Structure formats: C-alpha cells, structure tokens
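For the sequence shown, the numbering used here assigns the number 844 to the initial residue and increments by one for each residue that follows. Ideal placement from N, C-alpha and C gives every residue a C-beta, glycine not left out. Remember, it's a predicted structure, so these values are computed and weren't measured experimentally. Beneath this line is the structure, given in structure tokens, with notes to follow.
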Amino acid sequence: MSGKVPTPILTHYYPLRLSVGMRISPIYLKVFLKAFFGMQAVRQRVNNKVKFYQKIRLFAVLCLIPMAMIQVARESWWDRTSKTTVSTAFHRVRSDLSPALTRSAAEGIDRSWIVIDVGLGQLRPRSRGLQQALLFASHEDLAETMRSRFAVDAPSDAFAFFSPLGQGVAVCTEDTPVPFASRGLSAAIGSEYLRLSCGADLSPVLQAGITDFLARRDSKGVGGGIGEAGIAVIRKCVADSKAVSMFDLLSMNAEAWKQATAQDASGALREESASVVRFLMRTNGPTNAGLFQQYLRLVAEGTPSFEAFCSVYGLRNDRGWSEFNAQWQAFALKEKVSPTETVLERLAFLAEGMRALDRDGALPTDFAALTVALKDRNFVSPSEWRPGFSQIRASDTSAFTPTDPYESSGGAKPTSTRSKPSHFEFEIPKKGQESDPPSILAVDIPGERMKVVWIKTRPEPEAPWVWDISR
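Shown next as structure tokens:
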C-alpha cells in the first residue's frame, strides 16, 4: 500500500483527526452526518409546508376581500334604512335622520300634500299608490342612492324625481340651512303633486310659478306673499318694457323654458312666472283662484295646457291676450310687499354672507363690519335660484335694513316713540358661545320678532355652521 492517503468518503472508515490528540471514528461520523442532513431535510419539508399554508391563507384572504367588499356594498343607505321605513297617508318615508326628526318631517310632508291638494282644487292624482319620500343626512348617500336606485341625478338638496324605477321627493339636511331645506321640500311636494295630477302636460312656466308660490307657504297654508326683492325685479321689468308677454310665456314648452331660464342670470324670468301665478291665484278681480283651479282640472283630465288656459280665461284672439297681459302688468306694478317675507329674505341673505365669511376665516365682529365685507365682495344670495327665495345683492341699497311693514304695505304709519328706525344688529353672545357666529336680530319691527340662529347638522367638530331663522 502506497503512502498516498485515500480521499475520505462516507463509505470509507478512516479515522478523522479533529484536533491534536482527538480522533473520531468514521462510523460515528457517518451517523452524525446522516442525522445532520436528515434534520436539514426535515427543516426543508417543514419550511415547504409553512410556505404552502401561507399561500393557502393568502389565497383565502384574497377570496374573502371581494366577499367583504360585496358585504359593504350591500350595506347601502337603502339597506340601512329598510327597517325604519314609515308609511303615512300619501308617502312611504325612508330616512336616516333621527326618529323624532323623521316623524316630524313625515307629518309635515303629509300636511303639505293636503294643503296643496285643497289649494289647487283637489285634482285627484293619477297615481294612487304611496309615493317615496327620502330623507338623507348625507349628500354622498343622496347622490349614490338616486343614481343606483332610480338612475337619476340629484340636482339640489331638495327635489322631486320621476323615473321608471320610482318617483317621489328627496331632501338632504347635511350642511343645509333649515329654511332652504324646508322651502325646497315644499316646492318638491308641489312638483310631485302636479306631475302625478297633470303628467308632463302642465305649462312649465306655470309649474315654476306654482312651486315658488307653494314654497313660500307653510304646511298650514299660511303665507305665499312676496318680499321687496322679487317685487322690485318685476316692477323694473314691466316699467322698462322688458317683461315677456303672457302669450309668449304660456306658449313655451319644456325645452324652450329650460333654455330661457339657463340664459336668465338675474332670475327675472322665474320672478315673472311666480308673479303670473300670484295674479292668477288672487281671491278677487277678473282672475281668481277658482278659475285657475278649473284650468288645472282640465289639464289633469287631458286637455292640452294652452287650449285649457284659453278656454277658461276666454282668450280667443290677439286683443284678448293683449288685455289679459295689461291686467297682469297692472297687478305687478301695484302688488303689495309682504313685510314678513322681506325681513326673512334679508336675514337669509345676511346669514349666507356670514357663512361665506366664516368659510374664509373672516367672521366679522359687528354688523357694520359684515356690511362692509359683503359689499366689498359684491355678495349675492342665493347664488342660484331656490324656490321661495328672491335673489338679493349687496349692492341693493336696502339689503342691510329691514323694511318697515307700514311703509311697505302702503298703510298709515302709526305714531311711534322709537329712538331708532328698524334695523339689524348682532346679538351679544352668551357665555361659552363667544366663538360661535353671532346671531343677527331684526330690531324694532312691529308684529315681528325674527333672528338668525346657528346650528350644526353633523356631530363632527369641523362641521360647518348653518343657519335657521327663529321667530
């Protein structure tokens, strides 16, 4: 045997010197190595199993995510409110407002429906089933529900909707001043009633005027007057010979009316339609509410709108229309201003101005500062047409003072010992409310006591202030 040392392999039993004076038998080494590599294999198998189970768990999670998303999607506003639906005489009310507010709104909606029905001559709506009344606490839920359930857009915070998938009224209270929501809802109920009674056959001009008239009345049928802002617009149009003739107004179809109002930045056309309806709804004179109800009944029975109007009012030729138009213009020039509406609309204008300044972090400290700030901004409110509110501009000389009702109505002004004329002023804040927007008082107005108060419609601290008018 040569002196060459053979290559140690596991099948050879050569002693191995690990260190000086230490030797390990090849048999033990073989056993050790088998055990070592066996443990490595076990570890590998365990790791493989762990990775396998991790993959299984990941797969399961990925499968469950869509299921969870579907579950969340199912919890829509419609589903959340399914167990709180309230049925009244005329509506099925679905709401996520508080139970007390839902009950109050449901009762108010039905009262308004009854008042409208009586005021317009009990037209017997064609659809006798319960209509939808949807009350939302969130604009997001409002928009999503109208799209997903009825395939319609939400044009404002209160409106009537008509779709093959359903019809009714909807209103949202989130960050919406109470008078805007309540008057918008009254107008929506009026639109719903007219659509169910007359279909799409009613003159769009008269429908716009009717809904504005109804928005200014409360659920008991009280009100319906017009403030100085609306009266001023109509008187100027008539005096400047810019008013659209009644023949041209009532000849408009829905598309023509839509285009005309889209180009009417000042709102004069809508004010004119409302003036015409007040002229037709007055209780005395050659036109009266009875004749107007007769016209509506004919339309409800299927007579074309223009034909029904001509028949009821005896308008057979150009001369008849010219005389009828002259009667309306005479009414428009002499119509009395509602002192209550005037003060309410001006308070609304001031409150909207305060909201705009508050959003910009520029809340005024007194009424004089509010006046200056709104004039500097050339502030206008409402910024877009809202039923029941005439547009007021900061450039109007009377925008910042309430109107004395005796002067406005043309009556005799009583002797008064008041040291100051009627005016608006900030109320001194109560303790703990110094950071809230100040209330605005209408001071020294006989028979009226109104002020702007501030509330929040959401519990979040960052929720904006909205206003209401307390009386």
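Distance CB(residue i)-CB(residue j) smaller than 9 Å
i	j	result
F1023	D1000	yes
G1011	A976	yes
M1089	N1160	no
F979	W921	no
V1155	L1141	yes
S1221	A1211	In the sequence as displayed, the identity of residue 1221 is Asn instead of Ser. No, Cβ-Cβ distance for N1221 and A1211 is not below 9 Å.
L1057	G1067	yes
S981	F1152	no
C1015	L985	yes
Q1136	G964	yes
T1104	V1186	no
S1084	S1029	no
L1217	F1267	no
G1070	E950	no
S1148	L1093	yes
Unbroken beta strand (DSSP E) run spanning residue i, endpoints
i	result
I1298	1294-1298
E1268	1266-1269
Q975	974-979
S938	934-938
F1284	It should be pointed out that residue 1284 corresponds to Leu in this sequence rather than to Phe. Looking at the DSSP string, the run of the beta strand (DSSP E) that includes L1284 is 1283-1286.
L1309	Residue identity differs from the one stated: residue 1309 is Val in this sequence, not Leu. V1309 -> beta strand (DSSP E) spans 1309-1313.
Status (buried if at least 16 other CB within 10 Å, exposed otherwise) for residue i
i	result
E1184	buried
A1072	buried
E1195	buried
G1145	exposed
I1053	buried
D1055	buried
I1341	Absent from the structure is residue 1341, since the part of the chain shown begins at 844 and ends at 1314.
I1235	buried
V961	exposed
S1034	buried
I1298	exposed
CA-to-CA distance, residue j to residue i, given in whole angstroms
i	j	result
S1226	G1110	10 Å
V1076	E1114	7 Å
L1200	S1224	13 Å
K1179	I1271	34 Å
G1133	V1215	48 Å
A1043	A1175	28 Å
R1229	F933	25 Å
K926	L944	16 Å
A911	E918	Because A911 sits at a pLDDT of 46, beneath the cut-off of 50, its placement in the model cannot be relied upon, and the following sentence gives the value as read from the coordinates. Approximately 11 Å, taken between the alpha carbons.
V1295	G1204	19 Å
C1041	R1121	20 Å
D1239	S1278	30 Å
G1231	I1312	14 Å
L1158	G1064	31 Å
E1017	R1301	7 Å
Y1036	L940	24 Å
S930	R946	10 Å
V958	L1284	31 Å
I913	E987	Confidence at I913 is low in this model, with a pLDDT of 46, below 50, so the placement of that residue should be treated as unreliable; the coordinate-derived value is given next. One C-alpha to the other measures close to 16 Å.
V936	W1164	44 Å
R1198	A1242	17 Å
M1124	E1303	45 Å
A1031	S1282	29 Å
K1101	T1208	42 Å
Residue interval of the alpha helix (DSSP H) (run including residue i)
i	result
W1100	1097-1105
W956	942-962
V1081	1071-1082
K1063	It is not in any alpha helix (DSSP H) - K1063 carries neither H nor E in the DSSP assignment.
E1114	1111-1124
S1094	1089-1094
W1228	That residue, W1228, is in no alpha helix (DSSP H); it is neither H nor E in DSSP.
A1211	1210-1219
D922	920-923
Which ranges would you report for the alpha helix (DSSP H) in the region 1136-1197 if only whole runs of at least 4 residues count? You should have 1148-1156, 1161-1177.
I'd like the ranges of any alpha helix (DSSP H) spanning at least 4 consecutive residues and lying wholly in the region 978-1047. 982-993, 1021-1041
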